[in-house]
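Okay, so here's the structure we're looking at.
Number of protein chains: 2
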Amino acid sequence: MTEEIGETVRWGVQRRLEFIDFRLFWDGRFNRRDLAETFGISAQQASSDIAQYTALAPGNLVYDQTLKAYQRAPTYEPKLMHASAERYLLQLVAIENRWMRQEDTWFDNTPPIENVSLLRKRTDARILLHLLDAINQRGQLEIQYKSITGSPEPRRVIAPHALFHAVGRWYVRAWSTEHSDFRDYNLFRIDQAGDITAAAIDHTLDFEWMHEIDLILAPNPALSESQQAALHAEYDMTEGRLVVTKRLSQTFYLMTEHNFDVAPDTLPPGKQQLVLLNRDEVVNARTTARKLSIDAIERASR
Amino acid sequence: MTEEIGETVRWGVQRRLEFIDFRLFWDGRFNRRDLAETFGISAQQASSDIAQYTALAPGNLVYDQTLKAYQRAPTYEPKLMHASAERYLLQLVAIENRWMRQEDTWFDNTPPIENVSLLRKRTDARILLHLLDAINQRGQLEIQYKSITGSPEPRRVIAPHALFHAVGRWYVRAWSTEHSDFRDYNLFRIDQAGDITAAAIDHTLDFEWMHEIDLILAPNPALSESQQAALHAEYDMTEGRLVVTKRLSQTFYLMTEHNFDVAPDTLPPGKQQLVLLNRDEVVNARTTARKLSIDAIERASR
DNA sequence: TGTTGCCCGTCAAGAAACACGACGGGCTAT
DNA sequence: ATAGCCCGTCGTGTTTCTTGACGGGCAACA
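Going down the list, the protein sequences come from chains U and B.
Under this note's numbering, the first residue of the first sequence is numbered 729, with each subsequent residue one higher.
Under this note's numbering, the first residue of the second sequence is numbered 729, with each subsequent residue one higher.
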């Protein structure tokens, strides 16, 4: 981004030109005052920035004297920002969920937007920090964990090696010294994290994580023709098939999310829009990798 | 953020001090070179920035001559950034999904992180732009829509008034002129958007959207004691209950997401971790609001 | 029909930030 | 021992920005 327009302009100027482009794109209008206030510069400097932007992209904006604001022109073309709808929407959700503050973004009036999911507990940044440090240093640390499987002892020592996001939750993949096993820990359930010490485990022995498999998906044939066609387009399938490559340990979450773990005809087809064609292969590969991993760990510790 | 430390420092300097804080917090280390390159400033200027940061927070960083990098000191306390774990994680997902570029963030080496969900089609930023303009102008526009219900005519004229996110998808709430009805349209399924004209509908007649209801949730009693306790903590319940207020039209998605629309004992309790205690009340309120809305629209159009 | 207020723009002078060049010190690898 | 790369600092000149002053256009108010 910094080098695209000209090497000559400084970083701060570049950001302000980008701001103009951002506002024109999303809001369709902005003020000299907006520019001056969000960046803490004088009105004169803002004027000169606007002049500079106009020189770069003459057909992008028009000053409306009645509205007292610059407006997006019909011939507008984004010049400095690469508009990503997902990024924009993501920021709005982040604002609504109080993950970011509106002042930290460039939005003026946030459009009417809502997030329907249930708000779970916030993840503690310091705990995440400890986990990341442990991953980078290949270390282990003690955590306090509220298990849903009902394990009575909340304190465990784990050696994490990766983070992942599945079904709306964050997990850390880690070696458990108590269970002599690689497991997934829900970040929301970790209450405390202790100091980091050296870990003895080799993470490449986590075969369920290291090995990947192709999941072959298709629209549920119980759906109507047109419904299947809509899914075909939404998931960008080729010839009625969608092949995604995932780590073995992560296939579990995809199967949960899309109800592949429920027997057919138990649920209405609307709740099983996709079917997993090679389900047995996936499940077998997962259990096999688990066995091989346990054997390899056993051999390594001897 | 801009005003917290000192009114005297300029916006650009503030951002660079924030960058130092960011890197110390998440990576635990940074270089003078990192600072100079990400902001396009000279090494000398970077040195002076580091000196300024050190004056603000003396106990936060230590220069390690062997590593040739500044390191996070044990007494580190965040000074300029308000660390939000969710924001951090969100950015990493955005990078992985190509919604943002790594150069646009302040990350050095992104930690091992993955997103397990199926990648759906990208939302076209220009379509989102048209929808937002229509919402702001209270206008209507023609869209091309791939319906999953199998409607044969893909072109519709809608008057949108809000966006929302549910179960991993984005929807627009809009009046449909063909159906004389307020409906939800999946953003992924909108292929084209036409020009905006004036709309004739009053959005306050969308009773299913305007009216809210309390959903009373509890852990599934079929789960074990400790499993219920874990859910209690994760959702921050009080006395075994979680009350969330949602718009009537949005309750549908929560019921889908948490399988409240499946009869009890059909699924294993692990797939119905929460139960909706006032399910009948919610469903009745929804259908009643729909009837009232249709009547009111009919009266208004006479 | 002025008057006020709030936009915008521009010219000129001084302050602040920043770049460039040059120099010195410390560590590591060859 | 030499080279290379990291850090810091002292000058000097350039760019950016601020402050102050002035003028024009539109809308709301008496």
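Even for Gly, the Cβ is constructed at its ideal location relative to N, Cα and C.
Kindly indicate if chain U contains any beta-carbon less than 8 Å away from that of residue i.
i, result
"residue 684 (chain B)", "The requested residue 684 (chain B) is not part of the displayed model; chain B covers only 729 to 1030."
"residue 776 (chain B)", "no"
"residue 828 (chain B)", "yes"
"residue 852 (chain B)", "yes"
"residue 834 (chain B)", "no"
"residue 781 (chain B)", "no"
"residue 893 (chain B)", "yes"
"residue 1024 (chain B)", "no"
Quick one: residues in its chain with C-beta nearer than 7 Å to the C-beta of residue i, no 5 flanking neighbours on either side, listed in chain order?
i, result
"residue 882 (chain B)", "872, 873 and 874"
"residue 926 (chain U)", "867"
"residue 914 (chain U)", "897 and 899"
"residue 774 (chain B)", "760, 763 and 764"
"residue 1007 (chain B)", "988"
Going along chain B in order, which residues have a C-beta closer than 8 Å to the C-beta of residue i?
i, result
"residue 978 (chain U)", "842 and 844"
"residue 939 (chain U)", "Under the 8 Å cutoff, chain B gives no residues; its nearest Cβ is about 14 Å from residue 939 (chain U)."
"residue 994 (chain U)", "994 and 995"
Would you please state the rounded distance, in angstroms, between the beta carbons of residue i and residue j? I believe it to be under 8 Å.
i, j, result
"residue 943 (chain U)", "residue 1004 (chain U)", "6 Å"
"residue 851 (chain B)", "residue 916 (chain B)", "6 Å"
"residue 744 (chain B)", "residue 777 (chain B)", "5 Å"
"residue 910 (chain U)", "residue 1021 (chain U)", "7 Å"
"residue 1074 (chain U)", "residue 739 (chain B)", "Because residue 1074 (chain U) is not part of the residues shown, which for chain U are 729 to 1030, the question remains open."
"residue 918 (chain U)", "residue 863 (chain U)", "With 8 Å as the limit, residue 918 (chain U) and residue 863 (chain U) do not qualify as a contact, their Cβ atoms being about 14 Å apart."
In chain U, which residues lie with their C-beta within 8 Å of the C-beta of residue i?
i, result
"residue 767 (chain B)", "739"
"residue 875 (chain B)", "954 and 958"
"residue 795 (chain B)", "The premise fails here: residue 795 (chain B) is roughly 13 Å from chain U at the closest Cβ pair, so nothing lies under 8 Å."
"residue 856 (chain B)", "813, 816 and 817"
Below 8 Å CB to CB, which residues in the same chain sit around residue i once its five sequence neighbours on both sides are set aside?
i, result
"residue 939 (chain B)", "975, 976, 1013 and 1017"
"residue 828 (chain B)", "819 and 822"
"residue 958 (chain B)", "none"
"residue 997 (chain U)", "948, 950 and 951"
Between which residues of its own chain and residue i is the CB-CB distance below 6 Å, once the five residues before and five after are set aside?
i, result
"residue 809 (chain B)", "746, 749 and 750"
"residue 970 (chain U)", "945 and 963"
"residue 859 (chain U)", "888 and 900"
"residue 785 (chain U)", "807"
"residue 1000 (chain B)", "948 and 987"
"residue 922 (chain U)", "869 and 870"
"residue 762 (chain U)", "none"
"residue 833 (chain B)", "819"
"residue 973 (chain B)", "940 and 942"
Let me see if you follow: with CB-CB separation under 8 Å, is residue i close to chain B or not?
i, result
"residue 1019 (chain U)", "no"
"residue 964 (chain U)", "yes"
"residue 890 (chain U)", "yes"
"residue 991 (chain U)", "no"
"residue 730 (chain U)", "Here residue 730 (chain U) scores only 31 on pLDDT, less than 50, and its place in the model should not be relied on; the value that follows carries that caveat. True, the Cβ-Cβ gap to chain B drops below 8 Å."
"residue 981 (chain U)", "yes"
Would DSSP call residue i helix, strand or coil?
i, result
"residue 745 (chain U)", "helix"
"residue 974 (chain U)", "strand"
"residue 910 (chain U)", "strand"
"residue 864 (chain U)", "helix"
"residue 804 (chain U)", "coil"
"residue 881 (chain U)", "coil"
"residue 1020 (chain U)", "helix"
"residue 740 (chain B)", "helix"
"residue 821 (chain U)", "helix"
"residue 788 (chain U)", "helix"
"residue 773 (chain U)", "helix"
"residue 992 (chain B)", "coil"
So with CB distances below 9 Å, who are the chain B contacts of residue i?
i, result
"residue 913 (chain U)", "Under the 9 Å cutoff, chain B gives no residues; its nearest Cβ is about 12 Å from residue 913 (chain U)."
"residue 849 (chain U)", "961, 962, 963 and 964"
Name the chain U residues that come within less than 7 Å of residue i, Cβ to Cβ?
i, result
"residue 916 (chain B)", "962"
"residue 972 (chain B)", "846"
Quick one: which chain B residues come within Cβ less than 7 Å of residue i?
i, result
"residue 818 (chain U)", "818, 822 and 827"
"residue 898 (chain U)", "817"
Would the beta-carbon of residue i be found less than 7 Å away from any heavy atom of the ligand ATP?
i, result
"residue 960 (chain U)", "Only the bare structure without any ligand can be found here, which leaves the ligand ATP out of the picture."
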